[in-house]
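This report concerns only the one structure given below.
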Amino acid sequence: MAFEDEIVVASNHDPIADWFVTPRWLITYCVLSALLALIYPAFLLLLSAVLVFWLAAYSARRDPPPLRLPFDAEMIDESLTRETAEEKRLMGLRWTNKTYRVSPADGVMFMGHERGKPNAQEIWLTMADLLRHAALVGTTGSGKTEVLLSWYVHAVLHSSGDIYMDGKADVRLPFIYWCLARRWGREEDVYFVNLLTGSEDKHQQIIDNTHRKTRSNTVNLFGTASPTFIIQLVESMLPQAGSEGAMWQESAKSLIEGLINALCHKRARGELLLSQQSLKEYLPLPNLVALYNEALKNNWHKEGYMSLESYLANLPGFQLALREQPEKWDADAFKQHGFRSMQFLKTLALFTETYGHVFPEDSGDIVMQDILHNQRLLCVMIPSTELSRGETTTLGNLFINMLRMNVSRDLGSDIEGMAEDVLLAEAKKARFPFLVQADELGQYFAPGLDTLMAQMRSLKYSGEISTQDIPGLERSAKSETASVLGNTRLKYCLSIEDPGKTFEVFRDVMGQGAVAEVSQIQDKSGMFSSAGQVSDTYHVKDKDRITMRELRGMAEGEGVMSLEDRLVRSRAFYIPDDEKISKTLSVRINRFVEVLPPTTKTVMEIYPALIERKPLPFDSRISGISTLWEGLEKIHAMRKYVPPEEIGICLFEYAAEFFAQMEAMDAPCYAQEAEDEFVYLL
1 MAFEDEIVVA
11 SNHDPIADWF
21 VTPRWLITYC
31 VLSALLALIY
41 PAFLLLLSAV
51 LVFWLAAYSA
61 RRDPPPLRLP
71 FDAEMIDESL
81 TRETAEEKRL
91 MGLRWTNKTY
101 RVSPADGVMF
111 MGHERGKPNA
121 QEIWLTMADL
131 LRHAALVGTT
141 GSGKTEVLLS
151 WYVHAVLHSS
161 GDIYMDGKAD
171 VRLPFIYWCL
181 ARRWGREEDV
191 YFVNLLTGSE
201 DKHQQIIDNT
211 HRKTRSNTVN
221 LFGTASPTFI
231 IQLVESMLPQ
241 AGSEGAMWQE
251 SAKSLIEGLI
261 NALCHKRARG
271 ELLLSQQSLK
281 EYLPLPNLVA
291 LYNEALKNNW
301 HKEGYMSLES
311 YLANLPGFQL
321 ALREQPEKWD
331 ADAFKQHGFR
341 SMQFLKTLAL
351 FTETYGHVFP
361 EDSGDIVMQD
371 ILHNQRLLCV
381 MIPSTELSRG
391 ETTTLGNLFI
401 NMLRMNVSRD
411 LGSDIEGMAE
421 DVLLAEAKKA
431 RFPFLVQADE
441 LGQYFAPGLD
451 TLMAQMRSLK
461 YSGEISTQDI
471 PGLERSAKSE
481 TASVLGNTRL
491 KYCLSIEDPG
501 KTFEVFRDVM
511 GQGAVAEVSQ
521 IQDKSGMFSS
531 AGQVSDTYHV
541 KDKDRITMRE
551 LRGMAEGEGV
561 MSLEDRLVRS
571 RAFYIPDDEK
581 ISKTLSVRIN
591 RFVEVLPPTT
601 KTVMEIYPAL
611 IERKPLPFDS
621 RISGISTLWE
631 GLEKIHAMRK
641 YVPPEEIGIC
651 LFEYAAEFFA
661 QMEAMDAPCY
671 AQEAEDEFVY
681 LL
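Take a look at the structure:
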């Protein structure tokens, strides 16, 4: 009979050896030896001899980390050792030898402690591990949000950025998000997109003239975006339709393409502040034709209205020759245009009416390029109980596609130039990646996330997704679920309740291990007693390294993670409530004053000195800056060996030499007006 649970087979660990290499026992021996030597000095020689052998055994121990070593360990991390080949040549002969490339410890994110081991070692991940993304699965109450918040703290500490999207958000999340940033002085970088309305009646508030507090920062999706970005974003928000509806959606895409191109051209001329409301205003046929007439009247470039002209020319029932005579327009033209424009009305109404406090008519507070490039902290709260699943998916699709389009922009299109100009990713030398955290992804999973996760690694963005179960992801985008999970290297499973697809995925990922089990037990029962004799014969077979029983029995914060071929049973890093929720500070949303970009004429009127400024010789200026930068690099390299006073003298000399060079070129580095006490850097 097979007998696995109750039989403990031999392991690779020696209890006595483990006792000797445990740090706490070694420290205890050192303290007790010192006290005993003070009382009985005669024992000093014997105690010292034991200590020497103990230290030798402790130093020779091989106790590898569960995953990685932290960067401040200043040791060689054996888990990062890679086999490679080295080519050698001698007298015209060439051959290769196997060699091993070692790397220093480089762990940057603390994940928690290892469970089930006597030393409870720390679990760390390197930046390379984070850039391969992570998938976190756990049932309600398993601790997913606490795990993601512990990862978010690392982004705050490393002065990196974070985007946290929660599909089951409540007001507790933004409070903690702000308090953790405030604890390390980064509250000015925090932005909120609060889509929670509390199911309040805004019309009753208007009648009662009730003052509404600022609930969210605002984001203008189209204020500065390119036409291609806006077109792709709007089209991605179209709901799924059947065969007949899909035909009208394809016709509607030509409408939105012509309208957006014309509005973006008008925006570029400085005649429009483009917003979601602008699309809604110009969508009716009379306003659309008026925009086309404006383009012809003001002599727009043909690129600005060409696609709009193509749409109107091919609209059934509409004649371009009658564009200035609306009373002669055919009723069929209004009908055909209505079928096309109605495809976007529901989505635009969601932005301009339901969430008008988030999507304004002005420029907005949040610019995604600023969030990504300046390491901001953005918290997006998506309600799952207030909206239907379709609208929740639309909102999630909106932000996922915003991120996807901005990542696409950062990937660049120019292939000519220097490395620092072409390779934007190489210019980012941060030790910690920008985190993109999608909590409860099953509530708003949208197509395109698999492509995003495959591409954003090269830009130093790390994606972390979490969900309750795998079927929740497949409900929204079944065809892309496997691809998204395939793009995550770290698989992290907390307690789960789904014995089906979710368990099967993690069971396959964790793999199998060889275990020994007892082949039989012989019955030795007597007349008045019963006993069994365990056979000394064992069978070795492959067995799943995790079981559903184990996963269901784990407490909050306990989990099993797999990276490469390693399986680690962990206890997550947890931040107590009294350390992440402030009892004395009041959360405040960062508010901004809208300032329109100044024109060249306005700048010249404010600073007349700019008119008289001579053109700076570009090549000479770059040469001076390069010389100054090289000097600063030399000082930085010698900072450990040169006293601070001498470093200050060197800095002053380099700066003085640079300013003198600029003055000799008649290109001063500052200008000051007589009546103004402020100095303006050029």
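full-length UniProt numbering puts the first residue of the sequence shown at 1, with every later residue one more than the last.
All C-beta atoms in this analysis are idealised placements derived from N, C-alpha and C, irrespective of residue type, glycine included.
Computed from a prediction, not measured in an experiment: that's the story for all the values here.
Exercise for the section: Assign F339 to one of two classes, buried (16 or more other C-beta atoms within 10 Å of its C-beta) or exposed (fewer than that). Expected result: The residue you call residue 339 lines up with position 339 of the sequence shown. Exposed, because fewer than 16 other Cβ atoms sit within 10 Å of the Cβ of F339.
Practice task
Return yes when the Cβ of V108 is within less than 9 Å of the Cβ of F71, no when it is not.
Solution key: Here residue 71 refers to the residue found at position 71 when the sequence shown is read from its first residue. Here residue 108 refers to the residue found at position 108 when the sequence shown is read from its first residue. Contact flag set, yes.
Problem - A194: first and last residue of the uninterrupted beta strand (DSSP E) it sits in - result: Start at 1 with the first residue of the sequence shown, and residue 194 comes out as number 194. Here residue 194 is Asn; the residue named in the question, Ala, does not match the sequence. Its beta strand (DSSP E) spans residues V190 to N194.
Exercise for the section: Find out if the Cβ-Cβ distance for the pair I366, N194 is shorter than 9 Å. Expected result: Counted from its first residue, the sequence shown places residue 366 at position 366. Counted from its first residue, the sequence shown places residue 194 at position 194. No; because the gap between Cβ atoms is not below 9 Å, this pair is not in contact.
Practice task
Leaving aside the five residues before and after E309 along the sequence, list all residues of the same chain whose C-beta is less than 8 Å from its C-beta, in chain order.
Solution key: Locating residue 309 in the sequence shown gives position 309, where the first residue counts as 1. Closer than 8 Å at the Cβ level, and outside the excluded window around E309, lie G258, Y292 and L320.
Practice task
Give the secondary structure of H357 by DSSP, where H, G and I count as helix, E and B as strand, and everything else as coil.
Solution key: Looking up residue 357 in the sequence shown gives position 357. H357 falls in the coil class under three-state DSSP.
Exercise for the section: Please report how far the alpha carbon of L93 lies from the alpha carbon of T81, in whole angstroms. Expected result: Working through the sequence shown from its first residue, we reach residue 93 at position 93. Working through the sequence shown from its first residue, we reach residue 81 at position 81. CA-CA distance, L93 to T81, rounds to 29 Å.
Exercise for the section: Could you check if T394 is buried or exposed, using at least 16 other CB atoms within 10 Å of its CB as the buried criterion? Expected result: Residue mapping note: residue 394 aligns to position 394 of the sequence shown, counting from 1. With 16 or more other Cβ atoms within 10 Å, it is buried.
Problem - Endpoints, the alpha helix (DSSP H) within which Q343 is located - result: Working through the sequence shown from its first residue, we reach residue 343 at position 343. Q343 -> alpha helix (DSSP H) spans A331 to A349.
Problem - T352, DSSP secondary structure in three states - result: Within the sequence shown, residue 352 is the residue found at index 352, counting from 1. In the structure shown, T352 sits in a helix (DSSP, three-state: H, G or I).
Exercise for the section: Give me the Cβ distance between Q443 and G167, rounded to the nearest whole Å; I'm assuming they're in contact under 8 Å. Expected result: To locate residue 443, count along the sequence shown from 1; it is residue 443. To locate residue 167, count along the sequence shown from 1; it is residue 167. Indeed they touch by this definition, with Cβ atoms about 3 Å apart.
Practice task
Have a look at A555 and D439 and give me their C-alpha separation to the nearest angstrom.
Solution key: By one-based count along the sequence shown, residue 555 stands at place 555. By one-based count along the sequence shown, residue 439 stands at place 439. Spanning the two alpha carbons is a distance of roughly 20 Å.
Practice task
Check each candidate in L387, S562, G500 and G463 and name the one with the smallest Cα separation from A511.
Solution key: If you number the sequence shown from 1, residue 511 lands on position 511. Residue identity check: residue 511 is Gly in the sequence provided, not Ala. Checking every option, the nearest Cα to that of G511 belongs to S562.
Practice task
Taking 8 Å as the threshold, find out whether the stretch 180-187 comes into contact with the stretch 231-240 through three or more Cβ pairs.
Solution key: no
Practice task
Measure the C-alpha to C-alpha separation of L196 and T352 and round it to an integer number of angstroms.
Solution key: Indexing the sequence shown from 1 puts residue 196 at position 196. Indexing the sequence shown from 1 puts residue 352 at position 352. Whole-angstrom Cα-Cα distance: 15 Å.
Problem - Beta-carbon spacing of H133, I465 below 9 Å - result: Here residue 133 corresponds to residue number 133 of the sequence shown, with the count starting at 1. Here residue 465 corresponds to residue number 465 of the sequence shown, with the count starting at 1. Closer than 9 Å, so yes.
Problem - Inter-residue spacing [alpha-carbon to alpha-carbon] between H357 and L221 - result: Here residue 357 corresponds to residue number 357 of the sequence shown, with the count starting at 1. Here residue 221 corresponds to residue number 221 of the sequence shown, with the count starting at 1. Whole-angstrom Cα-Cα distance: 13 Å.
Exercise for the section: Return the chain-ordered list of same chain residues with a C-beta closer than 6 Å to the C-beta of E361, the five sequence neighbours on each side being excluded. Expected result: Counting from 1 along the sequence shown, the entry for residue 361 is found at position 361. S275 and Q277, listed in sequence order.
Practice task
To the nearest angstrom, report how far apart Y40 and A57 are at their CA atoms.
Solution key: Within the sequence shown, residue 40 is the residue found at index 40, counting from 1. Within the sequence shown, residue 57 is the residue found at index 57, counting from 1. Approximately 26 Å, taken between the alpha carbons.
Problem - Enclosing alpha helix (DSSP H) for residue 683 [first to last residue] - result: The question about residue 683 has no answer, for the chain in this structure spans 1 to 682.
Exercise for the section: Give me the Cα-Cα distance between A482 and D469, rounded to the nearest whole angstrom. Expected result: The sequence position of residue 482 within the sequence shown is 482, counting from 1. The sequence position of residue 469 within the sequence shown is 469, counting from 1. Spanning the two alpha carbons is a distance of roughly 13 Å.
Practice task
Please classify M306: does DSSP put it in a helix, a strand, or coil?
Solution key: On the sequence shown, residue 306 is found 306 positions in, with the first residue counted as 1. Note: M306 maps to helix in three-state DSSP.
Exercise for the section: Have a look at the DSSP bridge pairing and note the partners of W95. Expected result: Here residue 95 refers to the residue found at position 95 when the sequence shown is read from its first residue. The partner list for W95 (beta bridge, DSSP) reads K88.
Handout entry: Proximity below 9 Å, CB of A430 to CB of K478
Key = As a working mapping, residue 430 is identified with position 430 in the sequence shown. As a working mapping, residue 478 is identified with position 478 in the sequence shown. In this structure, K478 does not lie closer than 9 Å to A430 by Cβ.
Practice task
Report the residue from F503, K634, M662 and V102 whose alpha carbon sits nearest the alpha carbon of C650.
Solution key: Indexing the sequence shown from 1 puts residue 650 at position 650. The shortest Cα separation from C650 among F503, K634, M662 and V102 belongs to K634.
Practice task
Just tell me which of I256, P326, A262 and A660 has its CA closest to the CA of L296.
Solution key: By 1-based counting over the sequence shown, the position of residue 296 is 296. Checking every option, the nearest Cα to that of L296 belongs to A262.
Exercise for the section: Consult DSSP for V147 and reduce its assignment to one of helix, strand or coil. Expected result: As a working mapping, residue 147 is identified with position 147 in the sequence shown. Helix.
Exercise for the section: Less than 8 Å between the CB atoms is what I'm expecting for E188 and N590, so what's the real figure, rounded? Expected result: Reading the sequence shown from its first residue, position 188 is the one you call residue 188. Reading the sequence shown from its first residue, position 590 is the one you call residue 590. Indeed, because the Cβ distance is near 7 Å, the residues count as touching under 8 Å.
Exercise for the section: Taking 9 Å as the cut-off, decide whether the C-beta atoms of Y164 and L173 are in contact. Expected result: Here residue 164 refers to the residue found at position 164 of the sequence shown. Here residue 173 refers to the residue found at position 173 of the sequence shown. Less than 9 Å divides the Cβ of Y164 from the Cβ of L173.
Problem - Same chain, Cβ closer than 8 Å to I76, neighbours up to 5 away in sequence not counted - result: Reading the sequence shown from its first residue, position 76 is the one you call residue 76. So the qualifying residues of the chain are V102, S103, P104 and A105.
Practice task
Figure out for me which residue from L69, L441, T84 and R267 has the closest Cα to the Cα of E78.
Solution key: Position 78 of the sequence shown, counting from 1, holds the residue named residue 78. Cα-wise, what sits closest to E78 is L69.
Practice task
If I'm right that F573 touches M127 with Cβ under 8 Å, what's the distance once you round it to whole angstroms?
Solution key: Here residue 573 refers to the residue found at position 573 when the sequence shown is read from its first residue. Here residue 127 refers to the residue found at position 127 when the sequence shown is read from its first residue. That belief does not hold up - the Cβ atoms of F573 and M127 are roughly 17 Å apart, past 8 Å.
Practice task
Have a look at E235 and K253 and give me their C-alpha separation to the nearest angstrom.
Solution key: Your numbering for residue 235 matches position 235 in the sequence shown. Your numbering for residue 253 matches position 253 in the sequence shown. Cα to Cα, the separation comes out at about 7 Å.
Handout entry: R571 vs E550 beta-carbon contact at 9 Å
Key = Here residue 571 is taken as the residue at index 571 of the sequence shown, counted from 1. Here residue 550 is taken as the residue at index 550 of the sequence shown, counted from 1. No.
Handout entry: Proximity below 9 Å, CB of R457 to CB of L47
Key = Taking the sequence shown and counting its residues from 1, one reaches residue 457 at position 457. Taking the sequence shown and counting its residues from 1, one reaches residue 47 at position 47. No.
Problem - Nearest candidate by alpha-carbon position, reference residue 684, set S476, Q437 and T22 - result: Shown here, the chain extends from 1 to 682; a query on residue 684 therefore has no answer.
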